[in-house]
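With this note's numbering, letter number 211 in the sequence shown gets 367, and the count goes up by one each step, no holes.
Okay, structure first, notes after.
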Amino acid sequence: MKRILVTGGAGFLGSHLIDRLLEQGHDVICLDNFFTGSKDNIRHLLDHDHFELIRHDVTEPILLEVDRIFNLACPASPVHYQYNAIKTIKTSVMGAIHMLGLAKRVHARILQASTSEVYGDPAVHPQVEEYWGNVNPIGVRSCYDEGKRAAETLMMDYNRMNKVDIRIIRIFNTYGPRMAIDDGRVVSNFIVQALKGEPLTVYGEGTQTRSFCYVDDLVNGMMKLMDHDSEIRPVNIGNPNEFTILQLAEAIQEILGSNVQIEHKPLPQDDPTQRQPDITRAKDVLGWEPKVGLAEGLKKTIPYFEQKLAELNKIGVKQA
Ligand code: NAD
Ligand code: UDP
């Protein structure tokens with residue numbers, strides 16, 4: 157049994173990770189400032205003997221005694237990370253510095269939640285970990301992309317200079333229950349729009365691609381990487397099945413009914429044109445690969461949003 161800190165633990169991925177860590181019998185501290193996370197995601201854990209919740213912002217230092225740190229604190233949706241761009245880059249960079257400082261002091265192993273966004277608008281396809289990326293350093297997505305790249309740099313430098321035991325996971329688009337209803341990412345947007353009888357908002361022509369990973373697969377990969385004895389190189393974790401955004405909209409139409417309409421909206425600035433993980437390293441080093449396909453994952457996710465919308469309707473909350 158280990159003492160494990162999960163920053164961003166009240167968020168979408170963090171809350172699923174904590175469920176799994178508690179199932180394994182660990183003691184878990186969830187640290188979150190509730191910017192995009194929610195108590196609803198961890199409410200079922202509040203009375204658990206091995207669970208503690210700390211409201212804290214990772215841009216401030218904190219002293220704790222732990223064996224492992226999963227550093228997930230950071231808004232992940234473009235809408236949310238661009239809402240306060242300066243705060244986003246501070247969260248990535250200062251959060252990494254504070255968590256690495258803590259890891260160094262208490263000799264904890266630390267895993268950084270990095271992202272496929274470190275590849276920017278990639279010129280290499282599919283993306284292999286050796287690829288250095290094609291990132292605009294001054295665009296609207298830079299606060300997130302460059303923040304995450306700097307966090308990776310800090311991880312490597314703390315390892316080289318201070319022998320901190322690091323793990324770096326590059327997460328590709330992941331979806332599932334507990335995404336916020338107003339998260340703004342494409343899977344949750346499309347499901348919520350379809351359930352509300354609104355058209356699906358496809359940005360641009362919808363020819364840009366993404367590869368969607370179901371949350372359970374992602375959490376398995378993240379836990380395997382943390383448990384690996386020695387792998388300090390970045391590891392891509394994602395589902396290599398690539399879809400255009402129009403194909404995603406069609407998959408949702410297929411499940412929720414062909415009367416669901418599509419509406420085109422302007423393409424956001426610097427929106428990557430293609431994204432697909434090469435997961436050879438994850439397969440070779442971790443023996444990991446995803447198991448849940450898109451249609452199956454969507455069917456597991458939709459009931460969650462149905463329930464959330466029903467709860468909001470019941471208390472009379474008007475959705476924008
Ligand atoms: P999320 O927004 O649901 O979770 C992020 C959590 O971090 C929230 O609970 C939020 O309140 C918390 N947080 C934000 N700023 C903080 C701060 N300054 N101090 C403390 N807590 C703070 O997003 P998610 O999808 O669960 O993402 C979790 C992590 O995984 C993020 O680091 C994200 O960049 C990374 N990631 C996610 C995806 C994905 O597809 N879900 C893809 C790539 C990377
Ligand atoms: N997108 C869309 N409609 C939406 C939300 C997103 O067409 O309502 C597109 C977006 O332009 C991008 C892709 O879907 O090409 C994935 O967007 P998301 O915000 O989920 O994450 P990203 O991979 O861009 O960080």
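We put the beta carbon where it would ideally sit given N, CA and C, even for glycine.
The structure presented is a predicted model; accordingly, all values stated were derived computationally and were not measured.
How big is the Cα-Cα spacing for residue i and residue j?
| i | j | result |
| --- | --- | --- |
| Tyr287 | Gly295 | 20 Å |
| Met382 | Asp175 | 16 Å |
| Pro234 | Arg341 | 7 Å |
| Glu467 | Ile245 | 34 Å |
| Pro417 | Ile347 | Sequence check: residue 417 is Gln here, not Pro. Their Cα atoms are separated by approximately 12 Å. |
| Gly276 | Arg297 | 9 Å |
| Ile471 | Phe191 | 23 Å |
Taking residue i as part of the alpha helix (DSSP H), name the residues at either end of that continuous run.
| i | result |
| --- | --- |
| Val262 | 241-262 |
| Ala269 | Taken as a continuous stretch (DSSP letters only), Ala269 belongs to no alpha helix (DSSP H), being part of the beta strand (DSSP E) at 265-271. |
| Glu410 | 401-412 |
| Thr309 | 298-318 |
| Ile325 | Where Ile325 is concerned, there is no enclosing alpha helix (DSSP H), although the beta strand (DSSP E) it sits in stretches over 322-327. |
| Asp183 | Where Asp183 is concerned, there is no enclosing alpha helix (DSSP H), although the beta strand (DSSP E) it sits in stretches over 183-188. |
| Lys439 | Element bounds for Lys439: n/a, residue is neither H nor E. |
Using 8 Å as the threshold, is the C-beta distance between residue i and residue j below it?
| i | j | result |
| --- | --- | --- |
| Arg334 | Asn197 | yes |
| Val375 | Arg437 | no |
| Leu178 | Phe207 | yes |
| Leu220 | Leu161 | yes |
| Arg265 | Arg323 | yes |
| Ala252 | Leu310 | yes |
| Val274 | Gly332 | no |
| Pro122 | Gly394 | In the structure as shown, the chain begins at 157 and stops at 476. Residue 122 is therefore absent and cannot be evaluated. |
| Asp373 | Val448 | yes |
Is any heavy atom in the ligand NAD found nearer than 7 Å to the beta carbon of residue i?
| i | result |
| --- | --- |
| Pro231 | yes |
| Val249 | no |
| Phe191 | yes |
| Val214 | yes |
| Asp188 | yes |
Any heavy atom of the ligand UDP within a distance shorter than 7 Å of the CB on residue i?
| i | result |
| --- | --- |
| Val342 | yes |
| Gln364 | yes |
| Asp426 | no |
| Asn397 | no |
| Pro234 | yes |
| Leu423 | yes |
Identify the continuous beta strand (DSSP E) that holds residue i and give its terminal residues.
| i | result |
| --- | --- |
| Lys380 | Run containing Lys380: none in the beta strand (DSSP E); it sits in the alpha helix (DSSP H), 371-383. |
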